[in-house]
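Residue numbers (the working numbering): 1 to 481. Ideal placement from N, C-alpha and C gives every residue a C-beta, glycine not left out. It should be emphasised that the depicted structure is a prediction, and the values quoted were computed from it without experimental measurement. This report refers to the structure that appears directly beneath it.
Written as structure tokens, this is what we have:
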């Protein structure tokens, strides 16, 4: 089976299972949001930021190192396992030590027991890292996608049952833990790695070096995606942070499913292309064009329909979510394209350039987000995102064009064409709402907005980005077949 055929096969299974899992998650999420209070989401967001930070170090980028390298020995796998055990024990101890300080920083004592409960996640990393690397290296994405579906299903059921039983924030905690534990167990069952750890690492230095740079990239990326919550947790009250957290959660639902799916398949595929000494540029360009032709209408459409969508999904108590939910999605197509640069840099043996990209983005956005949150609250922070992300995207795109040897004119056109089509769609939806919004209830209005928006985007895309549209239709046919 060719690389292209294996990628299509992988995407087919992952798209199908991700779609089913997402339908379930959406249904459960919208029910749970109605059951819980903003304070519950605020406390969980505080703990999640801390755990996400430490989790960046838990895998040490070693799974990616095993996927990218041409070959490795059993001794190296034992050394990787030994290093994983040491790292995750140290991280668990670190969380225990910093938990009281985190509570003091946020002025919220309820975050401490939540952090202690989430320590179980470090155990799952040591269990699943090697099986995950082997499954992805072999591109066994059918097994991986079915595992993800099973874990997501159990997590959604656990979360819903506990929320209905009045467990508040703990429904989110135990729902998350159930997913981690089941996923780790199933991955180990799918590809058991029965090895004794070795705690001497001399033969794995190159793997550890690659993994270290990958970890630095994760760290810079994490700082970017978490800095807003950290700033908000410090400057705002818990309810305000909860409103912002829900707006983020809604806005990122398509992003959190679409981009990881593509990156998960792209990295081992790019690695195999690079190992075969083939030109990666055409594959990178096609992948970027496909992600943008999908992302722009999805996120611009979400932003344009937020005024109708939020009251229907969340109820009247969450109306404050509307404005941030109509701004944050506007930057997500650029974020999706930025994230797709990482597997290309890493597979080509340039992980340091992926790290530098996120460092550039963070250095520009961090002060903008702080100033926006300090002087403008939630709306000020959203404006910082809307202004800052396009600026950083121009810089990181120039670096990708230069170091990955991509055709500049084609790259720029692949961004501007769907951006133009989505902007026209965005304006048409707002004009529609201005003309008839007061006369039509939210549900019929939302249906009308989606229909008119879809027709508008397809018409504009047919005029200005027909090639990307054909690629998307071609991919759809291949996935269907």
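Residue 198 places its beta carbon 8 Å or farther from that of residue 86. Rounded to the nearest angstrom, the Cβ distance from residue 429 to residue 304 is 4 Å, consistent with a contact under 8 Å. DSSP places residue 236 in the coil class of the three-state scheme, outside both helix and strand.
According to the DSSP assignment, residue 439 belongs to no alpha helix (DSSP H), since it is labelled neither H nor E. With a beta-carbon spacing of about 4 Å, residue 361 and residue 392 fall inside the 8 Å limit used to define contacts. Sixteen is the threshold: when 16 or more other Cβ atoms of the shown chains lie within 10 Å of the Cβ of residue 338, as they do, the residue is buried. Non-local C-beta neighbours of residue 92 in its own chain, meaning closer than 8 Å and more than five positions away in sequence, comprise 119, 122, ordered along the chain. Between residue 350 and residue 45, the alpha-carbon positions lie close to 33 Å from each other. A buried status is given to residue 288, since no fewer than 16 other beta-carbon atoms sit within 10 Å of its beta-carbon.
Of the candidates 404, 457, 88, the residue whose Cα lies closest to the Cα of residue 279 is 404. For the stretch 108-184, the full-length alpha helix (DSSP H) segments reaching 4 residues or more read 111-117, 120-137, 141-164 along the chain. Three or more Cβ pairs closer than 8 Å define a contact, and the stretch 452-467 meets that threshold against the stretch 414-433. Nearest Cα to residue 212 within the set 376, 202, 56, 445: 56. The Cβ atoms of residue 151 and residue 172 do not sit closer than 8 Å to each other. Taking C-beta atoms under 8 Å as the contact rule, residue 244 and residue 324 qualify, at a distance of about 6 Å.
Around the beta carbon of residue 256, fewer than 16 other beta carbons lie within 10 angstroms, which makes this residue exposed. DSSP places residue 343 inside the alpha helix (DSSP H), whose first and last residues are 332-347. In terms of CA proximity to residue 365, 231 leads the group 434, 231, 439, 423. Under a 10 Å Cβ-count criterion, residue 108 is classified as buried, with 16 or more other Cβ atoms of the shown protein chains found around its own Cβ.
Excluding residues up to 5 positions away in sequence, 355, 358, 359, 362 lie with their Cβ nearer than 7 Å to the Cβ of residue 220 in the same chain. Boundaries of the alpha helix (DSSP H) around residue 363: 351-403. Restricting attention to alpha helix (DSSP H) runs no shorter than 4 residues, the stretch 19-70 encloses them at 38-58, 62-68, ordered along the chain. Counting other Cβ atoms within 10 Å of its Cβ, residue 48 reaches 16 or more and is therefore classed as buried.
C-alpha of residue 42 to C-alpha of residue 36: approximately 11 Å in a straight line. The shortest C-alpha to C-alpha distance from residue 160 to any of 254, 24, 226, 140 is the one to 24. At least 8 Å separates the beta-carbon of residue 195 from that of residue 65. With fewer than 16 other Cβ atoms inside 10 Å of its own Cβ, residue 455 counts as exposed. Under the DSSP assignment, residue 193 falls outside any alpha helix (DSSP H); it carries neither an H nor an E label. Taking C-beta separations shorter than 7 Å and ignoring five residues to either side along the sequence, the partners of residue 149 in its chain run 17, 20, 21, following chain order. The DSSP-derived three-state label of residue 249 is helix. Counting along the chain, residue 198 sits inside no alpha helix (DSSP H), nor does DSSP assign it H or E at all. DSSP, reduced to helix, strand and coil, places residue 406 outside both helices and strands of the structure shown, so it counts as coil.
When the Cα atoms are used, residue 434 and residue 427 turn out to be separated by approximately 10 Å. Counting only residues of its own chain and dropping the five nearest sequence neighbours on each side, residue 369 has a CB closer than 8 Å to the CB of 227, 228, 231, 381, 384, 385, 388.
In the DSSP assignment, residue 96 falls within the alpha helix (DSSP H) that extends over 74-106.
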